[in-house]
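Here is the structure we will look at, set down as structure tokens.
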Amino acid sequence: MKDYLKKYPILFALPLVLLPIVFFFLTREPDNEISDPALFSTESSASLDTSESKDQEWYVDVKGAVKKAGMYRIKEGMRLMDVIDLAGGFMEEADQNQLNFSKLVMDQEIIYVPKVGEEIPTIQEEPSEGGSGTPEAETAKVNINTADATELQQLSGIGEKKAADIIKYREENGSFRAIEDLTKVSGIGEKTLENLKDSITI
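So for the sequence shown, this note's numbering puts the first residue at 25; every next one is plus one.
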């Protein structure tokens, strides 16, 4: 036995080395929390983007029969009635029947409140006389964000149903941000848009 021990001493020393290691892993408590830095970073970034989107500030110009006309700072998601409240409310002669109070308001939009018996005008920049300003044809364009059903039907290929669909889209989604967005309206495709490009504006 002594000769065997002298010949293979490592066989007797190995259990003494492994025993503490095995005991450590058997008695170790499992981690209760698993942290994924990448996941945490993604969630934080998404939360920050959402917060910034909600806090985005826009400006609108309120004109017509309101108590305090002027430019007002608004936030994305506000509706026309919210802006009217900022402007002090309606004047007594305001024709509220021509307005859609639930309409979503967009950045840089002009909001005009007409008086009773007055039609909502299409407010556009007039060309400079003798200058290189907007051509006369530009002033004749139909604003697809403010035009009523009658004005929309003056456009080539836009009948009563499509005009109603355009107005419905504005009420549900807010003003068009680009004339290309007109293709998002049911029944209006690229071909129709191509025919309308020179006749419409936003």
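Ideal placement from N, C-alpha and C gives every residue a C-beta, glycine not left out.
Note that the coordinates shown come from a computational prediction; the quantities given were computed from them, not determined experimentally.
* Please check the pair G198 and M115, which I expect to be a contact at CB under 8 angstroms, by giving their CB distance rounded to whole angstroms. => As a working mapping, residue 198 is identified with position 174 in the sequence shown. As a working mapping, residue 115 is identified with position 91 in the sequence shown. Wrong, their Cβ atoms sit about 26 angstroms apart, outside the cutoff.
* Asked: Are the CB atoms of G88 and P138 nearer to each other than 8 angstroms?
  -> The sequence position of residue 88 within the sequence shown is 64, counting from 1. The sequence position of residue 138 within the sequence shown is 114, counting from 1. Going by C-beta atoms, G88 is nearer than 8 angstroms to P138.
* Per-residue DSSP class, three states only, for T225 -> Translated into positions along the sequence shown, residue 225 becomes position 201. If DSSP states are grouped into helix, strand and coil, T225 belongs with the strands.
* So K186 and I203 are in contact, right, with Cβ under 8 angstroms, and what is the actual spacing, rounded? -> The sequence position of residue 186 within the sequence shown is 162, counting from 1. The sequence position of residue 203 within the sequence shown is 179, counting from 1. In fact, because the Cβ distance is near 15 angstroms, the residues do not count as touching under 8 angstroms.
* Flag this pair as yes or no: are the beta carbons of K127 and E195 separated by less than 8 angstroms? => Walking along the sequence shown from the start, residue 127 turns up at place 103. Walking along the sequence shown from the start, residue 195 turns up at place 171. Yes, these two residues count as a Cβ contact at 8 angstroms.
* Asked: Would DSSP call V209 helix, strand or coil?
  -> Mapped onto the sequence shown, residue 209 falls at position 185. If DSSP states are grouped into helix, strand and coil, V209 belongs with coil.
* According to DSSP, is M105 helix, strand or coil? -> Here the question's residue 105 lines up with position 81 in the sequence shown. If DSSP states are grouped into helix, strand and coil, M105 belongs with the helices.
* Asked: With a cut-off of 8 angstroms, does the C-beta of G94 fall near any C-beta of chain C?
  -> Any reference to chain C falls outside this structure, which holds one protein chain only.
* **Sequence-distant residues of the same chain with beta carbon closer than 6 angstroms to A171, five excluded per side** => Counted from its first residue, the sequence shown places residue 171 at position 147. Here the set comprises nothing.
* Could you tell me if K165 is buried or exposed, where buried requires 16 or more neighbouring beta carbons within 10 angstroms of its beta carbon? => Position 141 of the sequence shown, counted from the start, is the residue given in the question as residue 165. Under a 10 Å Cβ-count criterion, K165 is classified as buried, with 16 or more other Cβ atoms of the shown protein chains found around its own Cβ.
* To do: Could you pull out every residue in the same chain whose Cβ sits closer than 6 angstroms to the Cβ of K208, ignoring the five residues on either side in sequence?
  => The sequence position of residue 208 within the sequence shown is 184, counting from 1. If we look at K208 and ignore the five residues flanking it on each side, it has no Cβ neighbours.
* Determine, using beta carbons only, whether N121 and L104 come nearer to each other than 8 angstroms. => Looking up residue 121 in the sequence shown gives position 97. Looking up residue 104 in the sequence shown gives position 80. No, the pair does not count as a contact, with Cβ atoms beyond the cut-off.
* To do: Please name the residue or residues paired with M95 in a DSSP beta bridge.
  => The residue given as residue 95 occupies position 71 in the sequence shown. Beta-bridge pairing links M95 to D85.
* To do: Taking only the alpha-carbon atoms, compute the straight-line gap between V90 and L179 and give it to the nearest angstrom.
  => Residue 90 sits at position 66 when you count from the first residue of the sequence shown. Residue 179 sits at position 155 when you count from the first residue of the sequence shown. Looking at the two C-alpha atoms, the distance is approximately 32 angstroms.
* To do: Flag this pair as yes or no: are the beta carbons of I226 and I134 separated by less than 8 angstroms?
  => To locate residue 226, count along the sequence shown from 1; it is residue 202. To locate residue 134, count along the sequence shown from 1; it is residue 110. Taking 8 angstroms as the Cβ cut-off, I226 and I134 do not qualify as a contacting pair.
* Asked: Mapping DSSP to helix, strand and coil, what is N197?
  -> The sequence position of residue 197 within the sequence shown is 173, counting from 1. In the structure shown, N197 sits in a helix (DSSP, three-state: H, G or I).
* **Span of the alpha helix (DSSP H), counted from its first residue to its last, around E218** => Reading the sequence shown from its first residue, position 194 is the one you call residue 218. From DSSP, the alpha helix (DSSP H) with E218 extends over E214 to L220.
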